[in-house]
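Enquirer: Taking our numbering, the leading residue of the sequence shown gets 7, the next gets one more, and so forth. Got a structure here, written out as structure tokens. Questions coming.
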Amino acid sequence: MPSILADLVGRRETNLGRLDALLRIPSVANDPQGASAMAACAAHVAGLLTEAGMEEVRVMPTGGHPLVTGSWRHAPGRPTLLIYGHYDVQPAGPLEAWRSPPFAPEVRSDRLYARGAADDKGQFFMHILALEAIMRVQGSLPVNVVFLIEGEEEISSPNLSRFLVEQAELLRADWAVISDSAMWAVGQPAICLGVRGLINLELTMTGPREDLHSGSLGGILTNPLEGLARLL
């Protein structure tokens, strides 16, 4: 689709400026003082989706930071694609370790450096731009599209599961695209089919009900620490 690619190339500087504005918002999910920045970033993402031609764009409240949804459903008989991303970022860490301020994007050697540029603002912005270009050049999309952009991925998405259940009909899709993994190498993208998850558990092992002399009875009685070591 050369005309679509040409459209994107022709708008490169403009789109870099739009990405710059997104990256300047310090949307750190675990910052106790960052609620206003998170809300501002969610509103900014909603604006980007609206500019791209998405409809029913909403900033959806949760028990924590808001999610942003938007859709385009004018391809009857065609599948629906769900595009997931997250606008929250990790804390910047030691500022002295940065060559440029983390929330002041800087281009060096044709690469854009800022917190969130590669995780995950740059990725979902790429999808927005691609669909925006297709809409601009062709007037419509070949499939139906639903966006789900959350603000709590970096803190294990505590409100996402409930949202998925409550908004199952809104988010119903045939396929999902999640661009929040890695490239194999520069110029060599990879398709990630899955990642390892997390599990938390607490084990309690009991032993004698009273303190006993380890020197006299340590070799006779079972030590709970030994049992835990075997389990681990």
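Yeah, the Cβ is synthetic: ideal placement off N, Cα and C, and Gly gets one too.
#1: If we count the other Cβ atoms within 10 Å of its Cβ and call it buried at 16 or more, is H80 buried or exposed?
#2: Spatial neighbours of M60 within its chain, please: C-beta separation below 7 Å, excluding the five flanking residues on both sides.
#3: Could you round the C-beta distance between Q96 and R117 to whole angstroms and report it? I think they count as a contact, below 8 Å.
#4: Compare the Cα-Cα distances from L207 to each of R215, L238, D186, L199 and report the closest residue.
#5: Looking at the secondary structure, which residues open and close the beta strand (DSSP E) in which L223 lies?
#6: Given a threshold of 16 other Cβ atoms within 10 Å of its Cβ, counted over all protein chains shown, does L101 qualify as buried or as exposed?
#7: Please determine, among S162, I197, A12, M141, the residue with the shortest C-alpha to C-alpha distance to I205.
#8: Quick one: what's F153 bridged to in DSSP?
#9: Can you give the beta carbon distance from L240 to I140, rounded, assuming they're within the 8 Å contact cut?
#10: What did DSSP end up calling M132 once you bin it into helix, strand or coil?
#11: Pick from A136, D126, G225: whose alpha carbon is nearest that of L55?
#12: Do you know how far the Cα of P72 is from the Cα of F169?
#13: Among W181, W190, K127, N150, which one has its Cα closest to the Cα of P32?
#14: When you compare only the Cα positions, how much space is there between R178 and F109?
#15: Between A45, I10, L88, S187, which has its C-alpha nearest V201's C-alpha?
#16: How many whole angstroms separate the CB atoms of V149 and L87, which I take to be in contact at a CB cut-off of 8 Å?
#17: In terms of DSSP beta bridges, what is A191 paired with?
#18: Which residue comes first and which comes last in the alpha helix (DSSP H) that contains M44?
#19: So what does DSSP say about M66, is it helix, strand or coil?
Expert: Here's the rundown:
#1: exposed
#2: G76, S77, W78, F153
#3: Contact doesn't hold; Cβ gap of about 19 Å is too wide.
#4: L238
#5: L223 -> not in any beta strand (DSSP E); alpha helix (DSSP H) instead, spanning 220-223.
#6: exposed
#7: S162
#8: G76, I89
#9: Lying before the first or after the last residue shown, residue 240 is absent from the chain, which here runs from 7 to 238.
#10: helix
#11: A136
#12: 11 Å
#13: K127
#14: 35 Å
#15: S187
#16: 5 Å
#17: Q194
#18: 41-57
#19: strand
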